[in-house]
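For what it's worth, the UniProt record's numbering labels the leading residue of the sequence shown as 1, then goes sequentially. Report on the structure given below.
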Amino acid sequence: MDIRWLTAFLDFPADQFGDEVTFWRAIAGSTVSPPRGDHREFATLEPFSGHPHLRVQRVGSGPGGVHLDLHVDDPRLSALEAVELGAHIRDDLGEFLVLESPAGFVFCLVDWTGESSRSRPIRWPDDTISIIDQVSIDVPASLFDRELTFWAQLTGRPTQATSRPELVRLQRDPRLAVGILLQRIDSAGPTSATGHVDLAANSVQQEVARHEDWGARVVERLDNWTVMADPVGRPYCITSRNPRTGD
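This is the structure we're talking about:
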């Protein structure tokens, strides 16, 4: 499967949608497209340069979360490949297909419409540079090895160890604006995979302060990243990585 583009989708409950879009638009340094969809449930966070890689969705039920859109030449043919690797099709919505990975992480297969230009990171007034550029798939420990194999085979990207054994990265495709990290969750929690987004920043401390000004709070400080919660409690991370390369 040739994945031509990746989009990170932030899925918000209806009663949180407006506030969440306001926060994430500010954090991304983007504008918001007009809504679209049968129920005006979709919008794009438009970057100041390049093609969009962040979108938002208002969901009718449940807590929302994060999912990935995989932009491909033939979504139906790609769905067959994904099923052979262990995914299952949850919904066929005509224009796109909704699937679940072996561990239950939701992703969609959509038509590629020519996206190819990565947006540049934002340089903020304090000279911090940052970008939302990674989706972490958070996987229960018992399902981790199978899930890691699935995503490596689906994307065709080799795995890369990190400084922590519970974190494994898929080698970054330089064509794409979004990278994929898998995190093994050893503690009790969800029984299927969930996800969160990560920012790359050249100064985690200054980026954290900017987010706190917008209503986010620090959950945990670690050596190379800080775990945050947005104003309604949605987790995400600010990481010390190169905002231009993702490394």
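Note that beta-carbon positions come from the ideal geometry of N, C-alpha and C, so glycine has one too.
Residue i, enclosing beta strand (DSSP E) - first and last residue
| i | result |
| --- | --- |
| Q16 | Careful: Q16 lies outside any beta strand (DSSP E) and carries neither H nor E. |
| R76 | Counting along the chain, R76 falls outside any beta strand (DSSP E), though it belongs to the alpha helix (DSSP H) covering P75 to E84. |
| V110 | V106 to D111 |
| V178 | Taken as a continuous stretch (DSSP letters only), V178 belongs to no beta strand (DSSP E), as it is neither H nor E. |
| H53 | No beta strand (DSSP E) contains H53, which DSSP labels as neither H nor E. |
| A201 | T194 to A201 |
Status (buried if at least 16 other CB within 10 Å, exposed otherwise) for residue i
| i | result |
| --- | --- |
| F48 | exposed |
| P75 | buried |
| T31 | exposed |
| S163 | exposed |
| L77 | exposed |
| R146 | exposed |
| L212 | Looking at the sequence itself, residue 212 is Glu, so the reference to Leu does not match. Classification of E212: exposed, given that the 10 Å Cβ count is below 16. |
| Q160 | exposed |
| L68 | buried |
| T7 | buried |
| V135 | buried |
| T128 | buried |
| R234 | buried |
Extent of the continuous alpha helix (DSSP H) run through residue i
| i | result |
| --- | --- |
| Q134 | Careful: Q134 lies outside any alpha helix (DSSP H), inside the beta strand (DSSP E) at I129 to P140. |
| D223 | D223 -> no alpha helix (DSSP H), and no H or E assigned at all. |
| H211 | V204 to D213 |
| L154 | F144 to T155 |
Anticipated Cβ contact below 8 Å, residue i with residue j, distance rounded
| i | j | result |
| --- | --- | --- |
| A177 | D247 | Not a contact, Cβ separation roughly 14 Å. |
| T226 | V208 | 5 Å |
| Q171 | R184 | In fact, because the Cβ distance is near 18 Å, the residues do not count as touching under 8 Å. |
Cβ neighbours of residue i in the same chain (closer than 7 Å, five flanking residues each side left out)
| i | result |
| --- | --- |
| L154 | M1, A82 and L85 |
| G65 | D11, T194 and G195 |
| R241 | A200 and D247 |
| V106 | H67, V98 and E100 |
Residues of its chain near residue i, where Cβ-Cβ distance is below 6 Å and the 5 sequence neighbours each way are ignored
| i | result |
| --- | --- |
| R36 | F42 |
| Q16 | V232 |
| D126 | Q206 |
| N224 | S240 |
| F150 | L85, G86, S101 and P102 |
| L143 | A103 |
Residue(s) in a DSSP beta bridge with residue i
| i | result |
| --- | --- |
| Q160 | R169 |
| M228 | V218 and Y236 |
| F96 | V110 |
| W5 | H71 |
| G65 | D11 |
| F48 | Paired residue(s): none; F48 is not in a bridge. |
| T31 | E46 |
| R184 | V139 |
Same chain, Cβ closer than 8 Å to residue i, neighbours up to 5 away in sequence not counted
| i | result |
| --- | --- |
| V59 | D11, F12, P13, A14 and E41 |
| S119 | P47, F48, S49, G50, H51, P52, H53, I131 and A177 |
| H71 | I3, R4, W5, L6, T7, V110, D111, W112, T113 and E115 |
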